[in-house]
């Protein structure tokens, strides 16, 4: 799709869209909404035009001083493969008017779906060469999954492995040569791939000035402000969820596990020294462990208590009074995580946020490509009121100049994405960054 703006006489501007169907199928559903909103001044409607063939219908409205043009494929019509159409919206600006103009589309485009077929582009590649090999997929809908949705997936050779009700999705596997046939028959929002995600200082608290904040120094003044301490040290009535390779409860800084959700007496019955108050393992094991060590490393920075031995104060985590909830997502091979297990862990956590008093969720792992399912599962936690923290990534030195190297889901608008610094308090050479704006 290309847009061309032309300034006309009388303060008018016409925006013309050339829309080309480059998919391998006819397109029956597509809508574009153009909006012209004045920053100051006055904007008025000056007409809209649908395509000459009448495939699209066009409407133009003005409400609260904002001009909107809406274009959508008519019921019963399709935009054929390789067919191109043109439609336009015209608006007029009064003298000395400044306007913000933009468009949105439905379905919304995704960085992982450049051919706009609601299938992750890496799955498009897989179906070309994997024959009948089973592909793990996350099938997403715009509404709750129904029995008919499940039955249709099974009819195309698929099997459902796990339900993700909170994000209207399920995890399944389907033969590669059946995937696109299923997509053509199913009313899905998106079919996401299950991919490998990568895990992304004894000076961490000093570099972040957390050690000064523990003293109540929140403004550069060394006078302690006692009422600020809980905000920066954490407290024993709140927890941080660590989505990672697990937790090592044998480590002195992380020792002690009681599942507060099933504990008789709940939070009031916890031992004072208990650090871990909740646990999820995608493989189903109730035992606390960390085969990789990355999760324990991250948990120690977030909330480790230093272990109480010599030098413990220097090794405390930032919010060292807070408790921990471990959400273990197994690694593939030596270090990589699988996105379907990450999504499963986030979906598991959502209904238990209040039970575990979770105020923040940390994900120090990432993916170089987009993953709509992962992004949506993270968004659901944010909408529930928790702070979602994500490592920016370790890819700046391997990313082409001028490109964003922030890993998924760090691009989500309300995710707190954190870069890396070295012992000299400078941005690390590998710390990912994004383009301004």
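In our numbering, the protein residues as written are 88 to 524. For glycine and all other residues, C-beta sits at the position ideal for the given N, C-alpha and C.
Residue 459 - DSSP class collapsed to helix/strand/coil: The DSSP-derived three-state label of residue 459 is helix.
Opposing strand residues paired with residue 190 [DSSP bridges]: DSSP links residue 190 through a beta bridge to 121.
Among 440, 383, 344 and 152, the one whose alpha carbon lies nearest that of residue 357: Out of 440, 383, 344 and 152, 344 has the C-alpha closest to the C-alpha of residue 357.
Give me whichever residues DSSP pairs with residue 132 in a beta bridge. Paired residue(s): 178.
Give the straight-line distance between the Cα atoms of residue 186 and residue 201, rounded to the nearest whole angstrom. The straight-line gap from Cα to Cα measures roughly 29 angstroms.
Rounded to the nearest angstrom, what separates residue 105 and residue 164 at their Cα positions? Cα to Cα, residue 105 sits roughly 18 angstroms from residue 164.
Answer with buried or exposed for residue 91, where buried requires no fewer than 16 other C-beta atoms within 10 angstroms of its C-beta. Counting Cβ neighbours within 10 Å, residue 91 comes out exposed, since fewer than 16 surround it.
Tell me the DSSP bridge mates of residue 498? Residue 498 is not bridged to any residue.
Using alpha carbons as the reference points, say which of 329, 373, 119 and 178 lies closest to residue 440. For the set 329, 373, 119 and 178, the Cα lying nearest the Cα of residue 440 is the one of 329.
If we count Cβ pairs, one from each stretch, closer than 8 angstroms, do we get three or more for the segment 145 to 164 versus the segment 209 to 219? Here the segment 145 to 164 does not lie against the segment 209 to 219, with fewer than 3 beta-carbon pairs under 8 angstroms apart.
Residue range of the alpha helix (DSSP H) that includes residue 473: Unbroken run through residue 473: none, as it is neither H nor E.
Using CA coordinates, which residue listed in 478, 130 and 172 is at the minimum distance from residue 155? With respect to the C-alpha of residue 155, the residue from 478, 130 and 172 having the closest C-alpha is 130.
With 16 as the cutoff for other CB atoms within 10 Å, does residue 503 come out buried or exposed? Sixteen is the threshold: since fewer than 16 other Cβ atoms of the shown chains lie within 10 Å of the Cβ of residue 503, the residue is exposed.
Between residue 322 and the rest of its own chain, which residues show a CB-CB distance below 6 angstroms, the 5 nearest in sequence each way excluded? Excluding residues within five positions, the ones whose Cβ falls inside 6 angstroms are 408.
State the start and end residues of the unbroken alpha helix (DSSP H) segment that holds residue 241. Counting along the chain, the alpha helix (DSSP H) containing residue 241 begins and ends at 234 to 242.
C-alpha distance - residue 112 paired with residue 494, whole-angstrom precision: Looking at the two C-alpha atoms, the distance is approximately 31 angstroms.
Beta-carbon gap between residue 192 and residue 273 smaller than 8 angstroms: Their beta carbons are not under 8 angstroms apart, which means residue 192 does not touch residue 273 by this criterion.
Determine the DSSP secondary structure at residue 280, reduced to helix, strand or coil. Strand, per DSSP.
What's the C-alpha gap between residue 391 and residue 341? If you take the alpha carbons of residue 391 and residue 341, they lie about 6 angstroms apart.
Quick check on residue 369: does DSSP put it in helix, strand or coil? Coil.
Suppose contacts are defined by Cβ-Cβ distances below 8 angstroms. Is residue 451 in contact with residue 492 by that definition? Contact flag unset, no.
Nearest-angstrom Cα distance between residue 290 and residue 217? Confidence at residue 290 is low in this model, with a pLDDT of 49, below 50, so the placement of that residue is unreliable and no value is reported for it.
Name the two residues that bound the continuous alpha helix (DSSP H) containing residue 381. Element bounds for residue 381: 381 to 390.
Through-space distance from residue 385 to residue 483, alpha-carbon basis: Using only the alpha carbons, I get a separation of about 21 angstroms.
Quick check on the DSSP output: the alpha helix (DSSP H) that includes residue 269 runs from which residue to which? Unbroken alpha helix (DSSP H) run through residue 269: 266 to 272.
Span of the beta strand (DSSP E), counted from its first residue to its last, around residue 149: Counting along the chain, the beta strand (DSSP E) containing residue 149 begins and ends at 143 to 150.
Selection from 431, 447, 280 and 374 that minimises the alpha carbon distance to residue 389: Here the closest residue by C-alpha is 447.
By the three-class DSSP mapping on this structure, what secondary structure does residue 103 have? DSSP, reduced to helix, strand and coil, places residue 103 within a strand of the structure shown.
Output the boundary residues of the beta strand (DSSP E) element that contains residue 217. Segment: none, residue 217 is in no beta strand (DSSP E) and carries neither H nor E.
Is DSSP giving residue 275 helix, strand or coil here? DSSP, reduced to helix, strand and coil, places residue 275 outside both helices and strands of the structure shown, so it counts as coil.
Would you identify the three-state DSSP class for residue 339, choosing helix, strand or coil? In the structure shown, residue 339 adopts coil according to DSSP, grouped into three states.
Touching or not, the segment 120 to 136 and the segment 160 to 180, by the rule of three or more beta carbon pairs under 8 angstroms? These segments touch.
Burial state of residue 387 (16 or more Cβ within 10 Å): By the neighbour-count rule (16 or more Cβ atoms within 10 Å), residue 387 is buried.
Could you pull the DSSP bridge partners for residue 93 from this structure? Assignment of beta-bridge partners to residue 93 by DSSP yields 101.
Cα-Cα separation, residue 101 to residue 95: The straight-line gap from Cα to Cα measures roughly 7 angstroms.
Tell me the DSSP secondary structure of residue 483 in three-state form. It is helical.
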